[in-house]
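Numbering (the working numbering), first residue to last: 363 to 487. We treat Cβ as the ideally placed atom computed from N, Cα and C, and that holds for glycine. Source: prediction; values computed, not measured.
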Ligand SMILES: [Cu+2]
């Protein structure tokens, strides 16, 4: 059931707006709590679906289903979570990162690149 969900991503999201950081340039925090984009509906929909999958796994455990079937369902949830991460990361790069590289200060540009490099290298360890 993990594979029937809508695969649309942020590139089709009409709510994605370019950022305007003109009044936030002097902020000392790395990023305002609210990003430059609207609610990520695709990610939200996926997380709700994953929530249903997790509840299904709980029921499988309660009803003592075959262990390997449970393990397979856990793998499906992991794959679904990875897909949500990818969606959020893509959207972040397309909006926050592009905006910071275009209009951010040198320090903001460095920060956003460092953050991405750190995220990628974490996955390579
Ligand atoms: Cu972002």
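Span of the alpha helix (DSSP H) holding residue i?
i	result
residue 455	Counting along the chain, residue 455 falls outside any alpha helix (DSSP H), and DSSP gives it neither H nor E.
residue 467	Per DSSP, residue 467 belongs to no alpha helix (DSSP H) and is neither H nor E.
residue 401	Element bounds for residue 401: n/a, residue is neither H nor E.
Quick check: residue i and residue j, are their CB atoms within less than 8 Å of each other?
i	j	result
residue 446	residue 472	no
residue 463	residue 474	yes
residue 399	residue 453	yes
residue 423	residue 432	yes
residue 449	residue 481	no
Under 8 Å by Cβ, that's how I've got residue i and residue j pegged, so tell me the actual separation to the nearest angstrom.
i	j	result
residue 435	residue 415	7 Å
Of all the options the options, which has the alpha carbon lying nearest to the alpha carbon of residue i?
i	options	result
residue 458	418, 429, 477 and 427	477
residue 442	410, 484, 401 and 403	410
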